[in-house]
Amino acid sequence: MSGILLRYYSSVGWYPTQALSHKDASLVVENDLIFSAVRFNEVSLEDYFPEREWLKPEEIRLLSSVALSLPEDCGKVFFFPSSWSYALRDTGYDLRGKEVLQDLKKRILLEVANFEKERKYSSEEDMHYWLSSFVDVPPPPIFGGNRYYIKEVDTDVSRQKEIFEAIVIEDHLLIRGLGALLKGDILHAHSLFHTEACISLHIAMEATLQLILRRLRKDIANPSSKDASKFIGDIFGKYYPEHYFQDYYEDRIKAVHPANRFGVYPDAPLASDDFYDLYGPLRAVFDFLITGNVRKIE
0 MSGILLRYYS
10 SVGWYPTQAL
20 SHKDASLVVE
30 NDLIFSAVRF
40 NEVSLEDYFP
50 EREWLKPEEI
60 RLLSSVALSL
70 PEDCGKVFFF
80 PSSWSYALRD
90 TGYDLRGKEV
100 LQDLKKRILL
110 EVANFEKERK
120 YSSEEDMHYW
130 LSSFVDVPPP
140 PIFGGNRYYI
150 KEVDTDVSRQ
160 KEIFEAIVIE
170 DHLLIRGLGA
180 LLKGDILHAH
190 SLFHTEACIS
200 LHIAMEATLQ
210 LILRRLRKDI
220 ANPSSKDASK
230 FIGDIFGKYY
240 PEHYFQDYYE
250 DRIKAVHPAN
260 RFGVYPDAPL
270 ASDDFYDLYG
280 PLRAVFDFLI
290 TGNVRKIE
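Numbering-wise, the sequence shown is residues 0 to 297 according to numbering that gives the first Met the number 0.
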């Protein structure tokens with residue numbers, strides 16, 4: 000299956016004032032509705048059946064291009080997508096066109112209204128079952144939700160485009176890592192999921208390690224975590240421990256393994272700043288691996 004995929008975004012999230020507008024993907028930021036439109040193709044892999052796929056790779060590419068493009072002194076933005084999406088046939092849409100995007104916005108409003116109208120329950124028991132099996136995010140303002148938080152930051156659309164065009168959709172390792180980075184932000188919006196947010200960043204961290212090792216194999220027969228640490232340290236001019244992001248690997252062990260060599264705890268012993276301390280460097284490493292841009296790591 001292929002086509003144009005539409006998705007709206009929840010009032011939970013921090014959104015940029017400007018977002019990418021590309022012939023193949025656009026993120027539309029308006030006060031009443033934030034939505035994305037991407038040209039997509041289904042991933043065709045043997046034994047790959049993502050029943051709970053949260054975003055298409057093309058959507059991950061779009062959102063990552065915005066999230067990674069912000070300078071370090073601008074903080075961050077993060078996106079909270081709805082599980083609702085709608086696919087329509089691609090008739091050659093240029094997703095940069097303002098009239099096209101406004102027509103697609105009307106299509107979202109129409110399809111959501113039809114979805115709500117057709118949602119019927121034969122009994123109260125059926126309604127409770129549906130609600131327990133599918134709990135969506137808070138709605139956007141146009142559907143009665145709270146207003147969006149749109150950050151007044153100087154977003155660089157040219158950098159968004161550079162990153163977007165450099166992300167290779169077929170590089171599943173990169174897409175998996177970027178998806179984990181984005182999902183970490185969503186989880187971190189709720190203090191209840193601090194541990195899970197950090198674990199999502201640990202997955203993104205592992206993806207960057209494997210991406211670096213893949214690059215190093217061109218020159219080193221069997222590169223190690225130590226080689227990756229030296230490589231990234233040389234790039235950013237910053238000392239790293241003997242092993243790649245060593246301190247955070249220890250955090251990952253404590254978070255994922257209830258009984259481990261560091262001890263047994265009633266909850267994962269993670270500090271409140273562990274998410275932010277890892278997020279910034281990971282964003283810089285992803286930017287470098289995708290575009291070659293070297294940004295400052297605190």
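Note that beta-carbon positions come from the ideal geometry of N, C-alpha and C, so glycine has one too.
For residue i, the first and last residue of its enclosing alpha helix (DSSP H)
i, result
"Ala18", "No alpha helix (DSSP H) contains Ala18, which DSSP labels as neither H nor E."
"Ala254", "245-255"
"Glu180", "This sequence places Leu at residue 180; Glu is not what is there. Residues 171-187."
As assigned by DSSP and simplified to three states, the class of residue i
i, result
"Lys22", "coil"
"Ser224", "helix"
"Lys160", "helix"
"Lys97", "helix"
"Leu54", "coil"
"Val263", "strand"
"Trp129", "Low per-residue confidence applies at Trp129: pLDDT is 43, beneath 50, and the placement is therefore not dependable, though the value from the model is reported in the following sentence. Note: Trp129 maps to helix in three-state DSSP."
"Arg282", "helix"
"Ile202", "helix"
"Pro268", "coil"
"Ser1", "strand"
"Asn292", "coil"
"Val28", "strand"
"Tyr275", "helix"
"Arg214", "helix"
Proximity to residue i [Cα-Cα], best of the options
i, options, result
"Asp226", "Tyr147, Tyr243, Glu52, Pro268", "Tyr243"
"Val76", "Pro139, Ile149, Ser43", "Ile149"
"Asp276", "Val111, Lys229, Met204", "Met204"
"Glu41", "Asn30, Leu4, Gly143, His256", "Leu4"
"Leu269", "Phe285, Ile252, Val284, Ala283", "Ile252"
"Lys237", "Ala283, Arg214, Ala220, Val263", "Ala283"
"Phe235", "Lys295, Tyr247, Gly144", "Lys295"
"Asp266", "Tyr278, Gly279, Asp250", "Asp250"
"Gly143", "Glu71, Leu32, Ser224", "Leu32"
"Asp301", "Cys73, Gly74, Ala36, Leu210", "Nothing in the structure corresponds to residue 301, since the chain is present only between 0 and 297."
"Ser43", "His171, Trp53, Val99", "His171"
Beta-carbon proximity list for residue i, same chain, < 7 Å, skipping 5 on both sides
i, result
"Glu81", "Here residue 81 is Ser; the residue named in the question, Glu, does not match the sequence. Within the same chain, Ser81 has close Cβ partners Arg6, Tyr7, Tyr8, Ser9, Asp135, Val136."
"Leu281", "Leu180, Leu200, Ala203, Met204, Thr207"
"Phe34", "Leu5, Arg6, Tyr7, Tyr8, Val27, Lys104, Ile107"
"Phe192", "Leu186"
"Leu212", "Pro222, Ala227"
Own chain partners of residue i with C-beta closer than 6 Å, once the 5 adjacent residues on each side are dropped
i, result
"Ser56", "It is worth fixing the name first, because residue 56 is Pro in this sequence and not Ser. Once the five neighbours on either side are set aside, the close Cβ partners of Pro56 are Ile168, Ile174."
"Ile198", "Ala254"
"Gly178", "Ile59"
"Trp13", "Val76, Phe77, Tyr148, Lys150"
"Ser224", "His242, Tyr243"
8 Å Cβ shell around residue i - same chain, five flanking residues per side excluded
i, result
"Lys160", "Leu19, His21, Ser64"
"Thr16", "Val28, Ile149, Lys150, Glu151, Val152, Thr154"
"Gly2", "Arg38, Phe39, Ala86, Leu87, Arg88, Asp89"
"Ala165", "Ile289, Thr290"
"Leu215", "Pro222, Asp226, Ala227, Phe230"
Residue interval of the beta strand (DSSP E) (run including residue i)
i, result
"Lys150", "148-150"
"Ile33", "33-40"
"Ala86", "80-87"
Near the ligand MG: residue i beta-carbon under 8 Å from a heavy atom
i, result
"Leu44", "As presented, the structure is devoid of all ligands, the ligand MG included, so that no description of it is given."
Does the region 86-99 come into contact with the region 281-291, if we say contact requires no fewer than three beta-carbon pairs (one atom in each stretch) closer than 8 Å? In short, these stretches do not touch, since the Cβ pair count stays below three.
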